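Residue numbers (the working numbering), protein chains in the order written: chain Z, 10 to 413; chain A, 201 to 634; chain L, 11 to 136. Since the structure comes first, as structure tokens, the remarks are kept for the end.
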Amino acid sequence: MKLVLAAVLLTVLAFFGSRVSVIQLLLARIERIPGVRHLLLTGTEFVLVGLILGTHGIGVLDEPTLTGLAPGFGLGLAWIGLLFGIQWDVRRLPPATRAIIPAALGQAVLTGAFVAIGTHFLLRLYLGWDDESSLVGALSLGAAASGTAGIPKSVRAGSEGLQRLLRSIADVDGLVPILTFGLVCCLPLLHDGDTRFWIWFGCSIGLGLAVGLVVTVLGTYRLSEDDHLVILFGAVLLGGGAALQLSLSPLLVNAIAGFLVANVARPRTCSAIRRLLLEGDRAVYILFLLLAGALWNPGSNQTLGLALLYIGVRMFGKWLTAGWALRKWIPAAHVRRVGLGLISYDGLAVAIAINLQLLTQSPMADLVTTVVLVGVVINELLAPLLAAAALRGDVMSSRVEGSA
Amino acid sequence: MKRVFVGAILVALIVLLDRLPADDFPTAKATLIAGVILLGGHIAGHLLSRVGLPRITGYLGLGILLGPQSLAVIDNDTASLLGFLQELAVAFIALAAGAELRLEQLRERMRDILRLTLYMTTLVSLSVFGFFYFIGTDFLPVADGLGAAEKASIAVLLGILAVARSPSSAIAVIRECRARGQFPETVLGVTVALDVFSIVLFAIGLSVCQALVSSVTDLSFMVTVGGELVGGILAGVLLGAALAFYIGKAPGNVALLLLGTALVVTHVAHGMADYVRATHDLPVHLEPLLICVTAGFTVRNLSNRGDRFAEAIDAVSLPVFVLFFCLAGASLDLQSLQTTWAAALLYIVIRSGSLFGSCWLAARHDPDRSWYGISFLTQAGVSLGLALEVVRRFPEWGTAFATIAVAAISINQLIGPIAMKMALLRAGGSQTRS
Amino acid sequence: MRIRSCSISQTTNPRDRPLKLLFLFIYRQDLVDEALEALVEMEINDATVFEGTPMERILADEVPIFAGLWQSHGEAEGQTRLVVATIEDQALTSLISVLSDVGVDLGKPEIARLYSVPIEYHRPVN
Numbered sequence: 010m011k012l013v014l015a016a017v018l019l020t021v022l023a024f025f026g027s028r029v030s031v032i033q034l035l036l037a038r039i040e041r042i043p044g045v046r047h048l049l050l051t052g053t054e055f056v057l058v059g060l061i062l063g064t065h066g067i068g069v070l071d072e073p074t075l076t077g078l079a080p081g082f083g084l085g086l087a088w089i090g091l092l093f094g095i096q097w098d099v100r101r102l103p104p105a106t107r108a109i110i111p112a113a114l115g116q117a118v119l120t121g122a123f124v125a126i127g128t129h130f131l132l133r134l135y136l137g138w139d140d141e142s143s144l145v146g147a148l149s150l151g152a153a154a155s156g157t158a159g160i161p162k163s164v165r166a167g168s169e170g171l172q173r174l175l176r177s178i179a180d181v182d183g184l185v186p187i188l189t190f191g192l193v194c195c196l197p198l199l200h201d202g203d204t205r206f207w208i209w210f211g212c213s214i215g216l217g218l219a220v221g222l223v224v225t226v227l228g229t230y231r232l233s234e235d236d237h238l239v240i241l242f243g244a245v246l247l248g249g250g251a252a253l254q255l256s257l258s259p260l261l262v263n264a265i266a267g268f269l270v271a272n273v274a275r276p277r278t279c280s281a282i283r284r285l286l287l288e289g290d291r292a293v294y295i296l297f298l299l300l301a302g303a304l305w306n307p308g309s310n311q312t313l314g315l316a317l318l319y320i321g322v323r324m325f326g327k328w329l330t331a332g333w334a335l336r337k338w339i340p341a342a343h344v345r346r347v348g349l350g351l352i353s354y355d356g357l358a359v360a361i362a363i364n365l366q367l368l369t370q371s372p373m374a375d376l377v378t379t380v381v382l383v384g385v386v387i388n389e390l391l392a393p394l395l396a397a398a399a400l401r402g403d404v405m406s407s408r409v410e411g412s413a
Numbered sequence: 201m202k203r204v205f206v207g208a209i210l211v212a213l214i215v216l217l218d219r220l221p222a223d224d225f226p227t228a229k230a231t232l233i234a235g236v237i238l239l240g241g242h243i244a245g246h247l248l249s250r251v252g253l254p255r256i257t258g259y260l261g262l263g264i265l266l267g268p269q270s271l272a273v274i275d276n277d278t279a280s281l282l283g284f285l286q287e288l289a290v291a292f293i294a295l296a297a298g299a300e301l302r303l304e305q306l307r308e309r310m311r312d313i314l315r316l317t318l319y320m321t322t323l324v325s326l327s328v329f330g331f332f333y334f335i336g337t338d339f340l341p342v343a344d345g346l347g348a349a350e351k352a353s354i355a356v357l358l359g360i361l362a363v364a365r366s367p368s369s370a371i372a373v374i375r376e377c378r379a380r381g382q383f384p385e386t387v388l389g390v391t392v393a394l395d396v397f398s399i400v401l402f403a404i405g406l407s408v409c410q411a412l413v414s415s416v417t418d419l420s421f422m423v424t425v426g427g428e429l430v431g432g433i434l435a436g437v438l439l440g441a442a443l444a445f446y447i448g449k450a451p452g453n454v455a456l457l458l459l460g461t462a463l464v465v466t467h468v469a470h471g472m473a474d475y476v477r478a479t480h481d482l483p484v485h486l487e488p489l490l491i492c493v494t495a496g497f498t499v500r501n502l503s504n505r506g507d508r509f510a511e512a513i514d515a516v517s518l519p520v521f522v523l524f525f526c527l528a529g530a531s532l533d534l535q536s537l538q539t540t541w542a543a544a545l546l547y548i549v550i551r552s553g554s555l556f557g558s559c560w561l562a563a564r565h566d567p568d569r570s571w572y573g574i575s576f577l578t579q580a581g582v583s584l585g586l587a588l589e590v591v592r593r594f595p596e597w598g599t600a601f602a603t604i605a606v607a608a609i610s611i612n613q614l615i616g617p618i619a620m621k622m623a624l625l626r627a628g629g630s631q632t633r634s
Numbered sequence: 011m012r013i014r015s016c017s018i019s020q021t022t023n024p025r026d027r028p029l030k031l032l033f034l035f036i037y038r039q040d041l042v043d044e045a046l047e048a049l050v051e052m053e054i055n056d057a058t059v060f061e062g063t064p065m066e067r068i069l070a071d072e073v074p075i076f077a078g079l080w081q082s083h084g085e086a087e088g089q090t091r092l093v094v095a096t097i098e099d100q101a102l103t104s105l106i107s108v109l110s111d112v113g114v115d116l117g118k119p120e121i122a123r124l125y126s127v128p129i130e131y132h133r134p135v136n
């Protein structure tokens, strides 16, 4: 009974949360503060709602309930993965986006590596963890740190071209967290010590291709809207369930499936499935914020300290690597502050935390969740201010105006 | 051919996943199987529709193939974990059934619906009861060694069981054929009415049987059932009003809301029944099916949100049907047919004949009267529920009774949709679009 | 907007065969083919298809969570198709019926919208 009520409560909250206007209406006054407005726009307040509902609050979303809801989380992860992958129709990517891919991926990889290395040492030396756990934890945090969320159009400062450039980077660099965490899920710690890393990676790819092939082949028939919905749910449940069963990443598996569908399936099928996936975009994210909040264990001071350090390291990493990645597009005098426009956390960070919790209920997963959530909340408050600072003035070179 | 290829991929995936070292994660397996059911059901439905059979036969067939008595892809643990989907689906389909009933059309056909319902209820139950009481118990293995009172009880309960129908199958076939017109609307109206009648009849029948067997008359049960029916209808009206209000204020994601409502209604109804039984020792149970049909009817006909409500139901009904009928197929007890096939076949023949005859008599002025009888063959959820209640009430012979009932219901579940589709396509008062 | 083709319908006498100019907005990309097939079925072979972006998409302040890439190049491609064609007055009702049959439900504004204006004058004529 509790499980059902919890499921319904989550659904209602996710439904309300995805309608931003409701939240804006309720908090019309305080949302004039830029950071708060951005936080509300992204729905980040639902982390706090989840915390209230979780074990450390009123206990509606306690551990047995969350375990019972696990298939729903797997479905959500698979949904996100498929949605991400299905956008990557390489034939239809605009030239501007293609041009930015190496830079976007480069800054994400470097930021992730920077954060992962730093975190790995902190976990080993500061918290005294063993090699394996600190490696998985560090790589997960690195993956979560590497992605970026786009700047909302309401943050208007500087030129349109620069905004578009930063948004393009944010759109593209999500590939790095998905791939990185997909690799993390092949490590021995998550497979009872099985060291056949490449076998598990091959399984991820094979599973993704199989799911994608199923959707592609079924899509060759003339299907109704109902049939598309059946196929979509079938693919998402199949990919998500199979990935979780093998302790792989549903995000990566379904992203591969989505990529195959985007590039091989009939345009009509691809378009119909993409449209259906988009309808669940915000609701799934809100749901994950609620779950992450419920799973969050905010009690430990050590973890909080690590979280703040992590945020600082990530900001520094973004600032540094963005400068290097965007040197081709931005004049040298201004390139340093442009990185401040890439601070906002990608929604994939929360998804990675949830994914890790599903695969291993351990202090390591709890730590990753705490660090990611604190980072998300603080970043969402700071991101618009930093972005406004980054975009201040006319800092564009003509190359950006032409290519973004 | 391509669909067969996809089926082969699914089979290969299941086999491989079974062989690879995996964590003991039953909910992940259940998620994966749900995906296989949806994709496989889609394929099976389309393959069978190409030879003129209704898609739900494909879903049922797939469920039987994957079920515990065949390939055991859906084993008992998985079926148990996915059980909530079945409960959700029954309630959701009841909402859909309520939404299909249009007041203005019901008013026009109220006389026909009532006449058909009364004729079928009376003639079918009396025919089946009469046959098994006077002749048929000799053919029933369950009746060996039982006294006259028990044999009479079995005949009474078989008679009542014969009246019960399956709104879910009716809705599924009507939607697949996109049938409109006097005939499908009458069939649906009668189906819903029969479900209500069968619940009342069953309550009366159980009281009568208990009186026969134990010589103790307990009329309080009848009062309880009356209260349950009234309570269910009231709860349905309130729920419908709440849904209409909510849709008016927040029209987005209505489909998600309805799925959640179906789940909550089922669990709250069962939870309340358990609570009342535990605290007051009363067998009061508000029927989720009745609540949801009433709620759907209320929103569709007594509010101005009916169109939005109907659209939302349409948007997600196919995945719900696929899951429900596949899981229903997986739960069919075909092994019981081995021991009880003769009795089950007798029951089916008598039932079908009396259905056809009663409809022929009731609709004697209707040009489609010969098609009504075969539209009511399917039996499912409510019938199975009634059979299980018999097991609980009469433990000495209830299990054997339920075996026959389940066997007959299984066969009816398979042939019923085929017969109904044929009737919808052939009846003059039915316009269909495949 | 990118214009794919351009041609003008012809008639012998506008007064004998009153024509309407049809504006069909299709918001679902997966229904565009069906809509064009419906026009062909009604012997309308000279329609022009424009691509555009709905106003609410341009003004939207929402932050895309996982679909940012699609929103970017979806905008570049255009999510709305506008079909402009000429049609005889009496054929309009049939066209609406045919569109409905292929899934372009004009009763749902989020799927498609249809407008027609009478044509007073056009060139060339036969």
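Where a beta carbon is used, it is the ideal one built from N, C-alpha and C, also for glycine. The structure displayed is predicted, hence computed values, not measured ones.
- Flagged as an interface residue toward chain Z: Asp40/L, by a C-beta distance shorter than 9 Å.
- Counting only Cβ-Cβ distances below 7 Å, Gln96/Z has contacts in chain L at Ala77, Leu79 and Trp80, in chain order.
- Using a Cβ-Cβ cut-off of 9 Å, Asn453/A counts as an interface residue toward chain Z, since at least one Cβ of chain Z sits closer than that to its own.
- The beta-carbon of Asp566/A is placed no less than 9 Å from the nearest beta-carbon of chain Z.
- Within chain Z, the residues whose beta carbon sits less than 7 Å from that of Thr227/A are Ala79 and Pro80, listed in sequence order.
- Our two residues, Val408/A and Pro73/Z, have alpha carbons roughly 45 Å apart in a direct line.
- In this structure, Ala158/Z keeps its C-beta atom at 9 Å or more from the C-beta atom of Ala125/Z.
- Chain order gives the chain A residues near Val223/Z as Val206, Ile209, Leu210 and Leu239, where near means a beta carbon separation below 8 Å.
- Counting the other CB atoms within 10 Å of its CB gives Gly63/Z a total of 16 or more, which places it among the buried residues.
- Residue environment analysis places Glu120/L among the exposed positions, since fewer than 16 neighbouring C-beta atoms fall within 10 angstroms of its C-beta.
- Secondary structure of Val226/Z (DSSP, three-state): helix.
- Assigned with DSSP and collapsed to three states, Pro111/Z falls in helix.
- In chain order, Leu238, His242, Leu518, Pro519 and Val522 make up the part of chain A whose C-beta sits under 7 Å from the C-beta of Val239/Z.
- Closest in C-alpha terms to Thr379/Z, from the list Gly326/Z, Gly321/Z, Leu304/Z and Thr330/Z, comes Leu304/Z.
- When beta bridges are read from the DSSP output, Arg91/L appears opposite Ile36/L and Glu61/L.
- For Lys202/A, the C-beta contacts it makes with chain Z under 9 Å involve Val226, Leu227, Thr229 and Tyr230, in order along the chain.
- Listed in chain order, the positions of the segment 287-300 of chain Z with a beta carbon within less than 7 Å of a beta carbon of chain L are Leu287, Asp290, Arg291 and Tyr294.
- DSSP, read as helix, strand or coil, puts Lys327/Z in helix.
- Assignment of Val127/L by DSSP, reduced to helix, strand and coil, places it in the strand class.
- Annotated three-state conformation of Gly156/Z is coil, per DSSP.
- Between Leu458/A and Val516/A, the gap from beta carbon to beta carbon is short of 9 Å.
- When C-alpha distances from Ala348/A are compared across Ala362/A, Leu361/A, Leu401/A and Phe332/A, the shortest belongs to Phe332/A.
- Residues Phe525, Cys526, Leu527, Ala528, Gly529 and Ala530 of the same chain have their beta carbon placed closer than 7 Å to that of Gly263/A, with the five preceding and five following residues left out of the count.
- Using a CB distance cut-off of 9 Å, Thr106/Z counts as an interface residue toward chain L.
- Assigned with DSSP and collapsed to three states, Ile97/L falls in strand.
- Nearest CB-CB separation between Gly62/L and chain Z: not below the 9 Å threshold.
- Contact between Leu376/Z and Gly146/Z is confirmed by a C-beta separation of about 6 Å, below the 8 Å threshold.
- For Lys229/A, the three-state secondary structure derived from DSSP is helix.
- Any Cβ of chain L closer than 9 Å to the Cβ of Val262/Z would place that residue at the interface, and such an atom is absent.
- Cβ neighbours of Ser536/A within its own chain (closer than 6 Å, five residues either side excluded): Thr603, Val606 and Ala607.
- With a cutoff of 9 Å on beta-carbon distance, Thr386/A and Tyr572/A are scored as near each other.
- In this structure the segment 389-398 of chain A lies against the segment 301-314 of chain A, because at least three pairs of beta carbons, one per stretch, are closer than 8 Å.
- Using a 10 angstroms sphere on the CB of Met324/Z, the tally of other CB atoms reaches 16 or more, which defines it as buried.
- Sequence-distant Cβ neighbours of Leu443/A in its own chain, meaning closer than 6 Å and more than five residues away, are Val499.
- By the neighbour-count criterion, in which a residue is buried when 16 or more other Cβ atoms sit within 10 angstroms of its Cβ, Asn276/A is exposed.
- Residue contact with chain L for Glu169/Z: absent (no Cβ-Cβ distance below 9 Å to any residue of chain L).
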